[in-house]
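Engineer: Numbering of the sequence shown is given in the numbering used here, commencing with residue 9 and proceeding in unit increments. Note that CB positions come from ideal geometry on N, CA and C, so glycine has one too. This is the structure I have questions about; it appears just below.
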Amino acid sequence: MLFENIKKQDKLLYDLLLGEIKRQQDGVELIASENYVSNAVLEAMRTVFTNKYSEGYPGKRYYGGQDFTDQIERIAIERACNLFNCDHANVQPLSGAIANISVLTAYLEPGDTVLGFELSHGGHLTHGSPVTFMSKVYNFVRYTVKDFETGQFDFDQIRDLAIKHRPKMILVGYSAYPRDIDYAKFAEIGKEIGAMLWADIAHIAGLISAGIMRNPFDFGFHVVSSTTHKTLRGPRGGLILSKGKVSNPLKKVKKSIKNLPTLVDRAVFPGIQGGPIMNLIYAKAVAFGEALQESFKEYAKQIVNNAKVFEKVFRDNGIIMYTGGTDNHMIIFDSVKSFGYSGKTIQEALDEAGITVSKSTIPFDTRSPVNPSGIRIGTPAITTRGYKEKEVEFLAECIIKICKNPKDDKLKNRIKHEIAELNKRFPIPY
Ligand code: DSN
9 MLFENIKKQD
19 KLLYDLLLGE
29 IKRQQDGVEL
39 IASENYVSNA
49 VLEAMRTVFT
59 NKYSEGYPGK
69 RYYGGQDFTD
79 QIERIAIERA
89 CNLFNCDHAN
99 VQPLSGAIAN
109 ISVLTAYLEP
119 GDTVLGFELS
129 HGGHLTHGSP
139 VTFMSKVYNF
149 VRYTVKDFET
159 GQFDFDQIRD
169 LAIKHRPKMI
179 LVGYSAYPRD
189 IDYAKFAEIG
199 KEIGAMLWAD
209 IAHIAGLISA
219 GIMRNPFDFG
229 FHVVSSTTHK
239 TLRGPRGGLI
249 LSKGKVSNPL
259 KKVKKSIKNL
269 PTLVDRAVFP
279 GIQGGPIMNL
289 IYAKAVAFGE
299 ALQESFKEYA
309 KQIVNNAKVF
319 EKVFRDNGII
329 MYTGGTDNHM
339 IIFDSVKSFG
349 YSGKTIQEAL
359 DEAGITVSKS
369 TIPFDTRSPV
379 NPSGIRIGTP
389 AITTRGYKEK
399 EVEFLAECII
409 KICKNPKDDK
419 LKNRIKHEIA
429 ELNKRFPIPY
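Written out as structure tokens, the structure reads:
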């Protein structure tokens, strides 16, 4: 039996684990940044690599006993480079936030300026939100979209900000934005002012690796950061990719675009982190191996197909969506204008029906981030379960019913039951 040791030793924690397994099995996961890893990835995370300290990089470690850790880290690096068509990967960041902090410290000096995407329009907390520590270290200037309806970037505004503030880095990427990015236009502006170009692809890494969305490296971007656990379906963690080779990660080099791979390695370790978590690096290698398979491309295509089904059903029902729809794995809609209820109210009502979503700010939101006007949903996790067009259509209709009647307990209970029944045919992988 699985988990028998926890069961014997700590019943309290064992019961909580069973509760979470049941929640994941019976409910529907629509948080755009979540997914279900494969059994192989889950297995990889619980291996003896967790016992090992490996400060440094393959071939250049501070402690002995690295015969196998060196090999697994080299495999993870090589697979990541193959997935994203680049020369260098640092697979050690413990999370996306740490990966982003590492990119900042790799290239900038305190006080330097970065141009990034406004959080409330879809950017990420680590892209300079005033509540982060990094926003006190660096000078962040933020660009926005033109309007909610089209969600188009205002390239005149972006160019004006770039010329006025002369940022050393231009950062693109998002957490709540349903379209692809025109990297070429950003690159043009970056070239004009000599800025380093950085894309954070955390949400769409799996879609990029499968060739469904644009790869920033094809447009001259210098650094790409990501998480490994969203559409890429690996263990939780971060990743930093770049072009060019590392000279010697243990030796200081001048801050220049040419030296970025070395600067990134030195920023991750010893700059920000200590020992890497080797069982997670092992699991990253396993997940990257999966993402290189043809079947992963099919999976990635289905993620987008499923999001398109939500788009159609929502449009047919007059739901007001950010940019009017989606080209990726997520949809953000204005729940106040569509149904008269805040994002928080809808999130809580859906939770009661076993449907997990995240409330979200929308561009020009007049409400607070803790009780915003929007809802964000995403399809990576349900697609892993095997949901296809038919199941997504049913789910979209359930969501609409609840959004119209968030206080109807009978309705929520009925839908919760129906979804648990449906999910018996689509078990999570373990
Ligand atoms: N929390 C993640 C998301 O939901 O987008 C990003 O860090």
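Going by DSSP in three states, glycine 279 sits in which element: helix, strand or coil?
Structural biologist: helix
Engineer: Helix, strand or coil for glycine 246 per DSSP?
Structural biologist: strand
Engineer: With distances taken from CA atoms, which of Ile410, Ile423, Gly394 is nearest arginine 433?
Structural biologist: Gly394
Engineer: Can the beta-carbon of alanine 389 be found closer than 9 angstroms to that of isoleucine 29?
Structural biologist: no
Engineer: Using three-state DSSP, classify glycine 155 as helix, strand or coil.
Structural biologist: A small correction: the amino acid at residue 155 is aspartate; glycine does not occupy that position in the sequence shown. For aspartate 155, the secondary structure class from DSSP, reduced to helix, strand or coil, is coil.
Engineer: Does isoleucine 85 pass the burial test, meaning 16 or more other C-beta atoms within 10 Å, or should it be called exposed?
Structural biologist: Under this definition isoleucine 85 is a buried residue.
Engineer: Just to check my reading of the structure: lysine 263 and tyrosine 115 have Cβ atoms closer than 8 angstroms, yes? What is that Cβ distance to the nearest angstrom?
Structural biologist: Cβ atoms of lysine 263 and tyrosine 115 come within 8 angstroms of each other, at about 6 angstroms.
Engineer: Classify threonine 270 as buried or exposed, calling it buried when 16 or more other Cβ atoms lie within 10 Å of its own Cβ.
Structural biologist: Counting other Cβ atoms within 10 Å of its Cβ, threonine 270 reaches 16 or more and is therefore classed as buried.
Engineer: Mind checking whether the beta-carbon of histidine 425 lies closer than 8 angstroms to any heavy atom of the ligand DSN?
Structural biologist: no
Engineer: Could you check whether the Cβ of alanine 207 sits closer than 8 angstroms to any heavy atom belonging to the ligand DSN?
Structural biologist: Not so, every heavy atom of the ligand DSN lies at least 8 angstroms from the Cβ.
Engineer: Which runs of the beta strand (DSSP E) spanning at least 3 residues fall entirely within the segment 181 to 230, listed in chain order?
Structural biologist: 204 to 208
Engineer: Please say whether glycine 131 and glycine 124 have beta carbons closer to each other than 9 angstroms?
Structural biologist: In this structure, glycine 131 lies closer than 9 angstroms to glycine 124 by Cβ.
Engineer: So, for lysine 305: in the same chain, excluding its five sequence neighbours on each side, which residues have a beta-carbon less than 6 angstroms away from its beta-carbon?
Structural biologist: Ala218
Engineer: Determine, for glycine 219, whether the minimum Cβ-Cβ distance to residues of chain C falls below 9 angstroms.
Structural biologist: The question asks about chain C, but that chain is absent: this structure has only one protein chain.
Engineer: Using C-beta distances below 8 angstroms, list every residue in its chain close to lysine 352, excluding the 5 sequence neighbours before and after it, in chain order.
Structural biologist: Correct list, in chain order: Lys367, Val378, Asn379, Pro380.
Engineer: In terms of residue numbering, what span does the alpha helix (DSSP H) encompassing alanine 97 cover?
Structural biologist: Counting along the chain, alanine 97 falls outside any alpha helix (DSSP H), though it belongs to the beta strand (DSSP E) covering 96 to 98.
Engineer: Just list the residues that DSSP pairs leucine 179 with in beta bridges.
Structural biologist: Trp206
Engineer: Just to confirm the assignment, what range does the beta strand (DSSP E) spanning methionine 329 have?
Structural biologist: No beta strand (DSSP E) holds methionine 329; DSSP gives it neither H nor E.
Engineer: Could you tell me which residues DSSP puts in a beta bridge with methionine 338?
Structural biologist: Looking at the DSSP assignment, methionine 338 forms a beta bridge with Gly386.
Engineer: Quick one: Cα of leucine 24 to Cα of glutamate 196, how far?
Structural biologist: 52 angstroms
Engineer: Identify the continuous alpha helix (DSSP H) that holds valine 49 and give its terminal residues.
Structural biologist: 47 to 53
Engineer: My assumption, with CB atoms under 8 angstroms, is that tyrosine 146 sits in contact with valine 122. Please give the rounded CB distance.
Structural biologist: 6 angstroms
Engineer: Going by DSSP, what residues sit across from glutamate 37 in a beta bridge?
Structural biologist: Thr364
Engineer: Between the segment 230 to 243 and the segment 95 to 111, are three or more C-beta pairs nearer than 8 angstroms?
Structural biologist: yes
Engineer: Let's test the definition: count the other Cβ atoms within 10 Å of the Cβ of glutamine 355 and tell me whether it reaches 16, buried, or not, exposed.
Structural biologist: buried
Engineer: Might you give, ordered along the chain, the residues of its own chain that have their beta carbon closer than 7 angstroms to the beta carbon of glutamate 157, omitting 5 neighbours on each side?
Structural biologist: Gly332
Engineer: Compare the C-alpha of methionine 286 against each of Val36, Tyr22, Ile83 and name the closest.
Structural biologist: Ile83
Engineer: Counting C-beta neighbours from all protein chains within 10 Å, is the total for histidine 425 16 or more, i.e. buried, or is it exposed?
Structural biologist: exposed
Engineer: At a threshold of 8 angstroms, does glycine 104 count as lining the ligand DSN (C-beta to nearest heavy atom)?
Structural biologist: At least one heavy atom of the ligand DSN is nearer than 8 angstroms to the Cβ of glycine 104, so yes.
Engineer: Measure the alpha-carbon distance for glutamine 301 versus phenylalanine 194 and round it to whole angstroms.
Structural biologist: In this structure, the straight-line span from the alpha carbon of glutamine 301 to that of phenylalanine 194 is close to 31 angstroms.
Engineer: Can you check DSSP and say which residues form a bridge with arginine 150?
Structural biologist: Gly124
Engineer: What separation, rounded to the nearest whole angstrom, lies between the Cα atoms of glutamine 281 and asparagine 313?
Structural biologist: Going from the Cα of glutamine 281 to the Cα of asparagine 313 covers about 39 angstroms.
Engineer: Out of Tyr185, Ile423, Phe322, which one is the CA nearest neighbour of glutamate 401?
Structural biologist: Phe322
Engineer: Is serine 183 close to the ligand DSN? I mean its beta-carbon at under 8 angstroms from any heavy atom of the ligand.
Structural biologist: yes
Engineer: Grab the span of the alpha helix (DSSP H) containing serine 290 for me, first residue to last.
Structural biologist: Just to set this straight, residue 290 is tyrosine in the shown sequence, not serine. Where tyrosine 290 is concerned, the enclosing alpha helix (DSSP H) stretches over 286 to 299.
Engineer: Run the proximity test for alanine 107: is its beta-carbon closer than 8 angstroms to any non-hydrogen atom belonging to the ligand SAM?
Structural biologist: Absence of the ligand SAM from the depicted structure is noted, with the ligand DSN being the only ligands included.
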